[in-house]
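Below is one structure, written out as structure tokens, with a few remarks after it.
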Amino acid sequence: MIKEILALANPILLSVNVIIGFSLFVYVFAHNFRSPVAQAYCALTAFVTLVYVVDLGLDRVVSREAAETWLRLQWAGIAFVPAAYLHFSHALLRTTGSTSRLRRLGVAGSYLLGFVSFLLAAFTDRIVQGLGAHDGIVHLLPGPLFWIFATYYVLASVSGWGNILRAEARCLTSTSRRRMAYLKWAFAAPSIGVFPYLLIPVTMRVLSPGFITALTLAGNMACGIMIVVIGYIVAYQGVLLPDRVIKHNLLHFLLRGPLVAILIVALMLTIPRVEEVLGLPRDTVLVVTVVAGVVLLELFVGVTKPAIDRLIYRRDRGEIAWIQSLDQRLLTSTDLEQILENTLISLCELLRVPSGFVVTLEDDRLSLRVFCGERGEAAQFLSQTTAPALIEDLGASRHDEPLGAGDFVVADGYWCLPLRARSDRAMLGILGVRYLGAKPEFGVEDLDAIHVLV
Numbered sequence: 342m343i344k345e346i347l348a349l350a351n352p353i354l355l356s357v358n359v360i361i362g363f364s365l366f367v368y369v370f371a372h373n374f375r376s377p378v379a380q381a382y383c384a385l386t387a388f389v390t391l392v393y394v395v396d397l398g399l400d401r402v403v404s405r406e407a408a409e410t411w412l413r414l415q416w417a418g419i420a421f422v423p424a425a426y427l428h429f430s431h432a433l434l435r436t437t438g439s440t441s442r443l444r445r446l447g448v449a450g451s452y453l454l455g456f457v458s459f460l461l462a463a464f465t466d467r468i469v470q471g472l473g474a475h476d477g478i479v480h481l482l483p484g485p486l487f488w489i490f491a492t493y494y495v496l497a498s499v500s501g502w503g504n505i506l507r508a509e510a511r512c513l514t515s516t517s518r519r520r521m522a523y524l525k526w527a528f529a530a531p532s533i534g535v536f537p538y539l540l541i542p543v544t545m546r547v548l549s550p551g552f553i554t555a556l557t558l559a560g561n562m563a564c565g566i567m568i569v570v571i572g573y574i575v576a577y578q579g580v581l582l583p584d585r586v587i588k589h590n591l592l593h594f595l596l597r598g599p600l601v602a603i604l605i606v607a608l609m610l611t612i613p614r615v616e617e618v619l620g621l622p623r624d625t626v627l628v629v630t631v632v633a634g635v636v637l638l639e640l641f642v643g644v645t646k647p648a649i650d651r652l653i654y655r656r657d658r659g660e661i662a663w664i665q666s667l668d669q670r671l672l673t674s675t676d677l678e679q680i681l682e683n684t685l686i687s688l689c690e691l692l693r694v695p696s697g698f699v700v701t702l703e704d705d706r707l708s709l710r711v712f713c714g715e716r717g718e719a720a721q722f723l724s725q726t727t728a729p730a731l732i733e734d735l736g737a738s739r740h741d742e743p744l745g746a747g748d749f750v751v752a753d754g755y756w757c758l759p760l761r762a763r764s765d766r767a768m769l770g771i772l773g774v775r776y777l778g779a780k781p782e783f784g785v786e787d788l789d790a791i792h793v794l795v
């Protein structure tokens, strides 16, 4: 009984992972592929998904020769997973201002090593050799260089994990630390999910097929869940949109795309494979069931959409009730504050400062709009600074392009910069970030990045 359940659950979970991996790859690629973090995530997702695609197809091979060909092709994914891990962790470290030429060379070298490993696995018997079978599970036998690659796989995964820990430690704002903490725990799942496929050539000698299948299922389940978690965090990278819009787009994409595909695959695999069901051909029952499932699921998503939106928009339920009848591009006041906050967070991480704020002018008074770090520090600055004096100090700043270090004005422990309209250069607000030195000193690349944000 257990063996039959595992035999049914395995292709279903493999299909789920393939659907989720492909869907998130397409979503991230379409929405924020310009982000280096998103590019690395796409690479990691593609290689992990390839491993699952090949394993799913092995159930349908018609000969041992075809099985060996597909198993060797699977190494196109296995061989590059360590490199993609290092690539992704390196991209995350760069978002915290940590750059390293040695680390970049390490990422490039790992991709080269992955390519060489794939060639050795696909066309020679150095890493894997021959085809073995045990209780219906076909697998390649380990070659003389297998354990060298396995050691490299583990070391690269551990190194990537270490980079994530360093990135978390370098985060200065609470929002960045929270998102990096999610990534820290989710980051290990894709590597662990692929690892059983790497060890199958040797574990078949000492472990039972049932145990290996159960271990693979556990890895597949964890991998599918954590790839979604990582995709959710990556969706924020390089996108200057409110959290509400990002959550809305991703959640409804998952509900209307991957969830429907998963339902169809699950129905196709679970309907009994007999010639007749209830006196009808199986194909007829399958078509009717799939059509009914798609329609009912779409209806379910439509009916529950208001409840899902209220869950996403907890802070603005009154405004959202009105906005839902309008175009999605319209923004609430909280959306605008979140855009400012996300921009401010990115700026603080770029400048390596622990706190900052944005204030606007209201009746000759400074009014705090958004802040990151300690609110008390921003409130203290406002209580000790008068608007006319600060405006006078900033009067000559940012009238000409491009942005220069001299445009920053030091005031009461902060670097201050006016936020001006692009049309008439009128002052719309003031940006302040806690400074760690006597005067602002930025490189050309830093100034270009700051100019884009402000």
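Per the numbering used here, numbering through the sequence shown is continuous, rising by one, with the last residue being 795. Cβ atoms here follow ideal geometry from the backbone N, Cα and C, with glycine treated the same way.
Problem - Cβ neighbour criterion (16 or more within 10 Å) applied to Gly450 - result: exposed
Problem - Ala408 to Gly418 span [Cα, whole Å] - result: 16 Å
Practice task
Put Ile771 into one of helix, strand or coil per three-state DSSP.
Solution key: strand
Practice task
Report yes if the CB atom of Pro838 is closer than 8 Å to the CB atom of Asp705, and no otherwise.
Solution key: Look at the range of the chain in this structure, 342 to 795, and you will see that residue 838 is not part of it.
Problem - Phe712 classed as buried or exposed, judged by whether at least 16 other C-beta atoms fall within 10 angstroms - result: It counts as buried.
Practice task
Identify, in the order they occur along the chain, each residue of the same chain with its Cβ nearer than 6 Å to the Cβ of Ile612, setting aside the five sequence neighbours on each side.
Solution key: Result list for Ile612: Leu627, in chain order.
Exercise for the section: Answer with buried or exposed for Gly455, where buried requires no fewer than 16 other C-beta atoms within 10 angstroms of its C-beta. Expected result: buried
Exercise for the section: Alpha carbon to alpha carbon, how far is Ser738 from Lys381? Give it in angstroms, no decimals. Expected result: Looking at the sequence shown, residue 381 is not Lys but Ala. Roughly 38 Å between the two C-alpha positions.
Problem - Beta-ladder partner(s) of Gln470, from DSSP - result: Leu482
Exercise for the section: Measure the C-alpha to C-alpha separation of Leu591 and His372 and round it to an integer number of angstroms. Expected result: 10 Å
Problem - Gln679 CB to nearest heavy atom of the ligand MG below 7 Å - result: Only the bare structure without any ligand can be found here, which leaves the ligand MG out of the picture.
Handout entry: Residue from Thr684, Thr437, Val479 whose Cα sits closest to the Cα of Glu406
Key = Val479
Practice task
Go to Leu454, then tell me how far its beta strand (DSSP E) extends in each direction, as first and last residue.
Solution key: Run containing Leu454: none in the beta strand (DSSP E); it sits in the alpha helix (DSSP H), 442-464.
Practice task
Could you tell me if Lys646 is buried or exposed, where buried requires 16 or more neighbouring beta carbons within 10 angstroms of its beta carbon?
Solution key: Exposed: under 16 other Cβ atoms inside 10 Å.
Practice task
For Ala762, count neighbouring Cβ atoms within 10 angstroms of its own Cβ and tell me buried if that reaches 16, exposed if not.
Solution key: exposed
Exercise for the section: Look up Tyr776 in the DSSP assignment and say whether it is helix, strand or coil. Expected result: In this structure, Tyr776 counts as coil in the three-state DSSP scheme.
Practice task
Going by DSSP, name the residue or residues bridged to Arg706.
Solution key: Glu703
Handout entry: Straight-line Cα distance separating Gln578 from Gly714
Key = 20 Å
Practice task
Answer yes if the region 628-640 comes into contact with the region 674-688, meaning at least three C-beta pairs across the two stretches below 8 Å, and no otherwise.
Solution key: Contact fails between the region 674-688 and the region 628-640, because fewer than three Cβ pairs, one in each stretch, are under 8 Å apart.
Exercise for the section: To the nearest angstrom, report how far apart Pro423 and Leu608 are at their CA atoms. Expected result: Going by the C-alpha atoms only, they are around 35 Å apart.
Problem - Closest by C-alpha distance to Asn358, when choosing among Phe370, Ile568, Ala746 - result: Selected option, being the one with the closest Cα: Ile568.
Exercise for the section: Verify whether the separation of the beta carbon atoms of Ile771 and Leu735 is less than 8 Å. Expected result: Closer than 8 Å, so yes.
Problem - DSSP beta-bridge partners of Val711 - result: Answer is Val699, bridged to Val711.
Exercise for the section: Determine, using beta carbons only, whether Glu509 and Ala497 come nearer to each other than 8 Å. Expected result: No, these two residues do not count as a Cβ contact at 8 Å.
Exercise for the section: Note the first and the last residue of the continuous beta strand (DSSP E) segment covering Cys383. Expected result: Per DSSP, Cys383 belongs to no beta strand (DSSP E); it is in the alpha helix (DSSP H), 377-398.
Exercise for the section: Indicate whether Asp789 and Gln679 have their beta-carbon atoms separated by less than 8 Å. Expected result: Contact: no.
Handout entry: Counted within 10 angstroms of its Cβ, other Cβ atoms place Ser696 as buried (16 or more) or exposed
Key = buried
Handout entry: Residue closest to Ala746, alpha-carbon to alpha-carbon, out of Leu702, Met768, Leu692, Leu427
Key = Leu692
Handout entry: DSSP three-state assignment for Arg405, whether helix, strand or coil
Key = Here Arg405 sits in helix by DSSP.
Practice task
If I'm right that Ser430 touches Arg511 with Cβ under 8 Å, what's the distance once you round it to whole angstroms?
Solution key: In fact, because the Cβ distance is near 13 Å, the residues do not count as touching under 8 Å.
Handout entry: Alpha-carbon spacing of Asn561 relative to Asn351, whole angstroms
Key = 9 Å
Practice task
Look at Gly501 and Tyr426 and say whether their C-beta atoms are less than 8 Å apart.
Solution key: yes
Problem - Residues bridged to Pro759 (per DSSP) - result: Ile771
Practice task
Taking Leu610 and Ile353 to be in contact with their CB atoms under 8 Å, please state how far apart those CB atoms are, rounded to whole angstroms.
Solution key: 6 Å
Exercise for the section: Can you tell me which of the three DSSP states Val750 falls into? Expected result: strand
Problem - Close Cβ partners of Arg766 (< 8 Å) along its chain, the five nearest in sequence each way excluded - result: Arg739, His740
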